[in-house]
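Counting along the sequence shown from 1, when you hit position 112 you're at 112 in UniProt numbering, and nothing is skipped either side. Ideal placement from N, C-alpha and C gives every residue a C-beta, glycine not left out. Encoded as structure tokens, the structure appears first; notes follow it.
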Amino acid sequence: MHPGATGAFKALFLVFASLCAWYSGYLVAELIPDEHLTSAVYRVRSIGEKPVLKAPPPRRQKCDHWTPCPPNTYAYRLLSGGGKDRHAKICFEDELLMGEKMGNIARGINIAIVSYETGKVTATRSFDMYEGDNSTPMIRFIESAPTKSLLLMVTHDDGSTRLKADAKKAIEALGSRQIRNMKFRSSWVFLAATGFELPAGLPREKINHSDDSKNRYSGWPAEIQIEGCIPREQS
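Following this line, the structure appears as structure tokens:
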């Protein structure tokens with residue numbers, strides 16, 4: 001067959017096939033009710049529009065722990081200050097005992113006293129260690145803690161400049177291993193107990209020193225924290 005004739009035949013075949021396809025579609029559209037056709041189109045389109053199933057957000061735990069504390073335990077979280085606008089926090093059993101929102105956090109060493117038997121806060125106070133003589137009042141405050149108390153301590157800004165030796169000794173007697181290493185603007189957190197022993201291995205103390213080559217903020221080290229679960233007293 002001549003090449004020109006072959007090309008013409010192919011063109012005619014394509015035109016014929018297109019007309020058949022158009023006519024078939026026309027018949028389908030005429031025979032299927034509009035509402036059924038619309039429903040079918042919607043179902044096809046919705047396949048790609050269905051939302052992807054997502055895992056539910058993790059349940060918030062006490063004091064923003066990653067995992068829940070076991071039954072019959074107290075949850076705690078101690079966060080030191082970091083920079084001018086990142087204030088220290090003391091959280092116990094999901095209650096903010098000291099923090100910016102409470103209006104009771106300040107420069108220096110901040111201490112909360114909690115009854116071990118009830119889990120309720122009995123006193124909170126801040127002691128400025130940059131100006132004034134506040135070491136002696138802090139010692140008296142620590143010694144005023146009733147038997148079987150938890151003492152939770154965090155620094156904000158500077159907690160060492162006017163921290164006297166007798167105050168260091170008082171905190172050291174509670175089990176601190178870092179209080180004598182405190183330097184200007186060191187970030188420090190500490191958990192202590194009076195009248196009973198805390199379980200071995202419980203996170204109790206952490207320190208981070210100011211270092212211009214490593215500081216997260218200008219003139220300030222990064223904030224640090226400890227958290228854990230304290231077994232309640234068994235009745």
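In whole angstroms, what separates the C-alpha of residue 132 from that of residue 166?
Those two C-alpha atoms are separated by around 16 Å.
If you measure between the beta carbons of residue 187 and residue 230, is that distance less than 7 Å?
No; because the gap between Cβ atoms is not below 7 Å, this pair is not in contact.
Which of the three DSSP states, helix, strand or coil, is assigned to residue 114?
The answer is strand: DSSP assigns residue 114 an E or B state.
By DSSP, does residue 218 sit in helix, in strand, or in coil?
In the structure shown, residue 218 sits in coil (DSSP, three-state: anything other than H, G, I, E or B).
Looking at the structure shown, is residue 90 part of a helix, part of a strand, or coil, going by DSSP?
Note: residue 90 maps to strand in three-state DSSP.
Cα-Cα, which of 213, 130, 114, 209 is closest to residue 106?
Closest by alpha carbon: 130.
Mapping DSSP to helix, strand and coil, what is residue 69?
If DSSP states are grouped into helix, strand and coil, residue 69 belongs with coil.
Let's test the definition: count the other Cβ atoms within 10 Å of the Cβ of residue 184 and tell me whether it reaches 16, buried, or not, exposed.
Residue 184 should be labelled exposed.
Rank 117, 119, 110 by C-alpha distance to the C-alpha of residue 141 and give the top, closest one.
Answer by Cα proximity: 110.
Expressed to the nearest angstrom, what Euclidean distance is found between the alpha-carbon atoms of residue 192 and residue 58?
Roughly 31 Å between the two C-alpha positions.
What separation, rounded to the nearest whole angstrom, lies between the Cα atoms of residue 239 and residue 168?
Because the chain here runs from 1 to 235, residue 239 falls outside it and cannot be looked at.
Does the segment 142-156 come within contact of the segment 112-123, defined as at least 3 CB pairs closer than 8 Å?
Yes, since at least three Cβ pairs between the segment 142-156 and the segment 112-123 fall closer than 8 Å, the two stretches touch.
Could you tell me the distance, in whole angstroms, from the CA atom of residue 101 to the CA atom of residue 87?
So the two alpha carbons sit approximately 10 Å from each other.
Do residue 226 and residue 189 have their C-beta atoms within less than 7 Å of each other?
In this structure, residue 189 lies closer than 7 Å to residue 226 by Cβ.
Less than 8 Å between the CB atoms is what I'm expecting for residue 220 and residue 82, so what's the real figure, rounded?
About 6 Å separates the two Cβ atoms, so the contact holds.
Could you tell me how far apart the beta carbons of residue 203 and residue 175 are, in whole angstroms, since I believe they sit closer than 8 Å?
Residue 203 to residue 175, Cβ: 13 Å. No contact.
Would you kindly report the start and end of the unbroken beta strand (DSSP E) that includes residue 98?
Unbroken beta strand (DSSP E) run through residue 98: 95-98.
Just mark residue 77 as buried or exposed, buried being the case when its beta carbon has 16 or more other beta carbons within 10 Å.
Looking at its Cβ environment, which holds 16 or more other Cβ atoms inside 10 Å, residue 77 is buried.
CA-CA distance, residue 75 and residue 95?
Their backbone Cα atoms lie some 10 Å apart in a straight line.
What are the boundary residues of the alpha helix (DSSP H) that residue 135 is part of?
From DSSP, the alpha helix (DSSP H) with residue 135 extends over 135-143.
What is the residue span of the beta strand (DSSP E) that residue 207 lies within?
205-208 is the span of the beta strand (DSSP E), which, as asked, contains residue 207.
Rounded to a whole number of angstroms, what is the C-alpha to C-alpha distance between residue 207 and residue 178?
The alpha-carbon atoms of residue 207 and residue 178 are separated by roughly 7 Å.
Can you name the residues that DSSP bridges to residue 231?
DSSP, once it has assigned bridges, lists 73 as partnering residue 231.
Return helix, strand or coil for residue 200, following the three-state DSSP convention.
Note: residue 200 maps to coil in three-state DSSP.
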